[in-house]
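*Asks:* The structure follows.
In this note's numbering, the protein residues as written are 3 to 232.
Here you go:
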């Protein structure tokens with residue numbers, strides 16, 4: 003009753019001043035707790051955003067580094083391949099090579115093999131077959147170039163040059179798309195749509211789709227027979 007009576011004067015009239023004072027007292031007590039709670043939530047949200055931004059920056063940085071490394075390895079591989087193709091075209095008889103010429107041939111073959119293997123290691127399987135096509139193109143260039151030199155007389159140098167050109171154009175489009183994804187210009191879901199807007203990308207995929215399927219069957223057959231060979 004005492005708490006209720008403080009809101010009335012001796013004449014029984016309600017005192018609004020007392021109510022205002024009580025409200026101010028309640029706000030003064032509860033306000034700091036609400037402020038502390040809100041500040042805690044804000045800090046937690048900011049911390050989550052900072053963690054998310056940090057992870058995003060780390061991923062973006064890793065992608066950019068990957069792109070730069072692939073570009074370097076691609077140039078090394080294509081240069082080595084072109085050099086060996088030119089060497090093959092400039093020599094007619096690979097059965098009677100002198101010591102220096104054979105040494106140079108082996109060096110060029112080693113460069114193609116080494117750089118081809120290094121480039122392939124950057125590309126794992128993917129659902130859209132982009133990486134698979136790159137691996138196929140590299141493999142289909144490496145294998146004939148690093149075979150026994152006596153087979154060079156039947157190698158179609160023009161076909162190899164076409165494959166090297168296709169690989170160059172495909173990587174140019176593909177790496178540009180990956181660069182845009184790393185910079186946040188396109189996301190994972192729209193990456194393939196971006197690629198398919200390029201006529202060269204679509205054409206290369208069409209030309210080599212059947213070759214890629216045959217290559218995959220060959221690889222599958224190879225590993226199925228491996229247990230019997232071990």
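Each residue gets a CB set at the ideal place from its N, CA and C atoms; glycine is no exception.
#1: Where in the region 92-150 do unbroken runs of the alpha helix (DSSP H), each at least 4 residues long, occur, reported from the N-terminal end onward?
#2: Rounding to the nearest angstrom, what Cα-Cα distance links residue 133 and residue 112 in this structure?
#3: Please report the distance separating the alpha-carbon of residue 87 from that of residue 168.
#4: For residue 198, does the three-state DSSP call read helix, strand or coil?
#5: Restricting to runs no shorter than 3 residues, where is the beta strand (DSSP E) found entirely within the region 163-197?
#6: Enumerate in chain order the residues of its own chain whose CB-to-CB distance from residue 103 is below 8 Å, with the five nearest sequence positions on each side excluded.
#7: Less than 7 Å between C-beta atoms, sequence neighbours within five positions excluded: which residues of the same chain meet that for residue 85?
#8: Return the residue from the list 78, 179 and 126 that minimises the CA-CA distance to residue 66.
#9: CA-CA distance, residue 147 and residue 157?
#10: Just the C-alpha distance for residue 135 and residue 205, rounded to the nearest angstrom, thanks.
#11: Nearest to residue 106 by alpha carbon, out of 89, 116 and 115?
#12: Short check: CB of residue 83 to CB of residue 118, under 9 Å?
#13: Is it buried or exposed, residue 223, if we count other Cβ atoms within 10 angstroms and call 16 or more buried?
*Replies:* With the structure as the only source:
#1: 101-122 and 132-147
#2: 24 Å
#3: 16 Å
#4: coil
#5: none
#6: 93
#7: 110
#8: 179
#9: 8 Å
#10: 13 Å
#11: 89
#12: yes
#13: exposed
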